[in-house]
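*Asks:* Quick one: the structure is below, and I'll ask about it shortly.
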Amino acid sequence: MRRFLAILAVIVVVAAAGTAVAVAQLSRGHDELPKISAYSNGHLTRVGPFRYCPVLNLNDCTQSGNQGELRVNKEHPVQLSVPAEIARAPWRLLRVYENPVDTTLSLYRPNTTLAVTIPTVDPQRGRLTGIAVQLLTLVQDQNGDVFDLPHAEWSVRTNWPDKAQPAP
């Protein structure tokens, strides 16, 4: 049990250090926070963070409410790109479908992924209604339990063409 706790403590320290380095690089000499890009079938959106908190103070957040919008259809996937400033740290991708219960999560380790292809329709979940990218930080509660919380989030809503088109 002690060995498990020691390993967990090392993981927490390494993850916190990696996140702190990423945040320091985000803050150093940049007035603008990083933006994600989403592309599908000739349409592109670039968006800054919906919500951003300093990694060491999750109570001091800036909530811009920025949400990108991307026109999509069932034939063409979404190509999501994140800048190196995000990819240097652990990050999470949320795929939201017509029924929010069907939301899926994918975790990406630091320095592994700059782009993801996302189908706009999942056979079991239906149509994609949005995506979110989150930068994570590890926190510990009063009971000593360690878990991750997002300290920054980028959001893109998908816009589907009208189902019923008027006849010409």
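Mapping of the sequence shown onto mature numbering (1 follows the signal peptide of the UniProt record, and there is no 0): residues -22 to -1, 1 to 146, in sequence order. Note that the Cβ used here is the ideal one computed from N, Cα and C, for glycine as well. What you are looking at is a predicted structure, and each value in this text was computed from that prediction instead of being measured.
Hey, could you find the ends of the alpha helix (DSSP H) Ala67 is sitting in?
*Replies:* Looking at the DSSP string, Ala67 is not in any alpha helix (DSSP H), and its letter there is neither H nor E.
*Asks:* Below 8 Å on the Cβ atoms is my contact criterion, and I expect Thr136 with Val50 to pass it. Report the Cβ-Cβ distance as a whole number of Å.
*Replies:* 5 Å
*Asks:* Within the same chain, show all residues whose beta-carbon is closer than 7 Å to that of Ala93, passing over the 5 residues directly before and after it, in chain order.
*Replies:* Gln57, Leu58 and Ser59
*Asks:* By the 10 Å Cβ neighbour count, where 16 or more other Cβ atoms means buried, how is Ser42 classified, buried or exposed?
*Replies:* exposed
*Asks:* Would Ile64 and Pro12 qualify as a contact pair, given that the criterion is a beta-carbon distance under 9 Å?
*Replies:* yes
*Asks:* Let me check one thing: in DSSP terms, what residues is Phe125 bridge-paired to?
*Replies:* Phe125 is bridged to Val117.
*Asks:* Spatial neighbours of Arg87 within its chain, please: CB distance less than 8 Å, with the 5 preceding and 5 following residues excluded, ordered by chain position.
*Replies:* Closer than 8 Å at the Cβ level, and outside the excluded window around Arg87, lie Pro68.
*Asks:* Quick one: what's Gln102 bridged to in DSSP?
*Replies:* Partner(s): none; Gln102 has no beta bridge.
*Asks:* For the putative contact between Trp132 and Pro32, defined by C-beta atoms under 8 Å, what is the C-beta separation to the nearest angstrom?
*Replies:* Rounded, the Cβ-Cβ distance is 17 Å, inconsistent with contact.
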